[in-house]
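Here's the structure, in structure tokens; my notes come after.
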Amino acid sequence: MSKAANKTRKINLESVCRACLSERGHLRDIHSTKIPKMMESCASVQVCENDGLPGRILCIMLPLDYKIVYLQKETGKK
Numbered sequence: 209m210s211k212a213a214n215k216t217r218k219i220n221l222e223s224v225c226r227a228c229l230s231e232r233g234h235l236r237d238i239h240s241t242k243i244p245k246m247m248e249s250c251a252s253v254q255v256c257e258n259d260g261l262p263g264r265i266l267c268i269m270l271p272l273d274y275k276i277v278y279l280q281k282e283t284g285k286k
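In my numbering, the protein residues as written are 209 to 286.
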């Protein structure tokens, strides 16, 4: 194996966005938003506290994207 293939980098899960893994910008606690419910409904993805994945979110557009899909899905159920 080459040296480049052996390089690994540790990631602090509290400093990366759960959606895009970006380490820049202001991260919000994902569990203080409605995003977990929307992700579960729209993408069949469970978001649980202490699941070993990043618990913060940065992506500004992600909540909006999920909200649009979530509202369309909820409207279709009626």
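C-beta atoms are modelled at their ideal positions from N, C-alpha and C, and glycine is treated no differently.
Residue i to residue j span [Cα, whole Å]
i, j, result
"methionine 247", "lysine 215", "33 Å"
"valine 277", "asparagine 220", "30 Å"
"proline 244", "arginine 217", "28 Å"
"lysine 333", "threonine 283", "An answer regarding residue 333 cannot be provided, because it is not within the stretch 209 to 286 covered by the chain."
"valine 253", "arginine 236", "19 Å"
Cut-off 7 Å between Cβ atoms - residues of its own chain near residue i, not counting five sequence neighbours on either side
i, result
"lysine 281", "Ser249, Cys250"
"isoleucine 238", "Arg226, Pro244, Val255, Gly263, Arg264, Ile265"
Identity of the residue in the options nearest residue i by Cα
i, options, result
"isoleucine 265", "Ala227, Arg217, Asp273", "Ala227"
Local Cβ density within 10 Å of residue i, reported as buried at 16 or more and exposed below that
i, result
"leucine 272", "exposed"
"valine 224", "buried"
"leucine 261", "exposed"
Same chain, Cβ closer than 6 Å to residue i, neighbours up to 5 away in sequence not counted
i, result
"serine 230", "Leu266"
Residues near residue i by beta carbon distance below 8 Å, same chain, minus five either side
i, result
"arginine 232", "Leu266"
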